[in-house]
Amino acid sequence: MQTLTYLQGYPERLLTQVRSLIETNQLGDYLDRRYPGRHEVQSDKALYAYVAERKQAYLRNAPSIDKVLYDAKLDVVHRTLGLHTAVSRIHGGRLKAKKEIRVASVFREAAPEFLEMIVVHELAHLKELDHNKAFYQLCEHMLPDYHQIELDLRLFLTWRSRREA
Numbered sequence: 000m001q002t003l004t005y006l007q008g009y010p011e012r013l014l015t016q017v018r019s020l021i022e023t024n025q026l027g028d029y030l031d032r033r034y035p036g037r038h039e040v041q042s043d044k045a046l047y048a049y050v051a052e053r054k055q056a057y058l059r060n061a062p063s064i065d066k067v068l069y070d071a072k073l074d075v076v077h078r079t080l081g082l083h084t085a086v087s088r089i090h091g092g093r094l095k096a097k098k099e100i101r102v103a104s105v106f107r108e109a110a111p112e113f114l115e116m117i118v119v120h121e122l123a124h125l126k127e128l129d130h131n132k133a134f135y136q137l138c139e140h141m142l143p144d145y146h147q148i149e150l151d152l153r154l155f156l157t158w159r160s161r162r163e164a
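Numbering of the sequence shown is given in numbering that gives the first Met the number 0, commencing with residue 0 and proceeding in unit increments.
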């Protein structure tokens, strides 16, 4: 039986369907039909503007974001797709926290829905630090199909890891 690293915790019925798609080489076709496009957000500057636009639309009162970038060092194998950090620095006599969002560079080549899901996830951490009910409600508010896109993103990562193996 295949281990589906990105799909741990999902019901066995779903895992059986995914294994069937993998065995018949149809997982890539499923993803191409469902997510045919690729986004245009290729530079760190464009990514910053993309994140700032979504933050302004949904989280105007949240702390500002100082830095947004694609990060080739984020390891999707260890399930880090994006990262939200607050880097503390001493500025004069005060301690200042700089908010950063880093997105795994694999998402430069992904469907726009996948990039949006990662950005929404990291933005939600500005309000809710833990993955609790309020966190996922906020994600759903910003991206109504959040849970389906997250599942499909995990399918994409599964397909990608099988293709590279």
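C-beta atoms are modelled at their ideal positions from N, C-alpha and C, and glycine is treated no differently.
Please work out which residues of its chain come closer than 8 Å, Cβ to Cβ, to residue i, disregarding the five sequence neighbours upstream and downstream, and give them in chain order.
i	result
Q7	none
E127	A133, F134 and L137
L26	V17, L20, L154, T157, W158 and R161
M36	One detail in the question is off: residue 36 reads as Gly in this sequence, not Met. The answer, listed in chain order, is A110 and P111.
L14	L3 and L6
To which residues of the same chain is residue i closer than 7 Å at the C-beta, ignoring the five residues directly before and after it?
i	result
E112	Y34 and I148
V76	At V76, the pLDDT of 46 sits below 50, so the modelled position is not reliable; the number obtained from the coordinates is stated separately. Answer for V76: no residue qualifies.
Y47	V67
H130	none
A61	K54, L125 and K126
What residues in its chain sit with their C-beta under 6 Å from that of residue i, if we drop five residues either side in the sequence?
i	result
Y5	R153, L156 and T157
H38	P111 and L114
Q167	Lying outside 0 to 164, the shown extent of the chain, residue 167 is not represented and no answer is given.
Thinking C-beta only, is residue j closer than 8 Å to residue i?
i	j	result
K54	L114	no
K97	K66	yes
Y49	V40	yes
L142	V119	yes
Y57	H140	yes
Could you check how far apart the C-beta atoms of residue i and residue j are, in whole angstroms? I think they sit under 8 Å.
i	j	result
D70	A109	Their Cβ separation, rounded to whole angstroms, is 14 Å, which puts D70 and A109 out of contact at 8 Å.
By DSSP's criteria, residue i is part of a beta bridge. Which residues make up the other side?
i	result
A103	D70
Which first and last residues belong to the alpha helix (DSSP H) in which residue i is found?
i	result
H140	K132 to M141
A48	D43 to Y57
V118	P111 to A123
E11	E11 to E22
E163	Y145 to E163
Y29	L26 to R33
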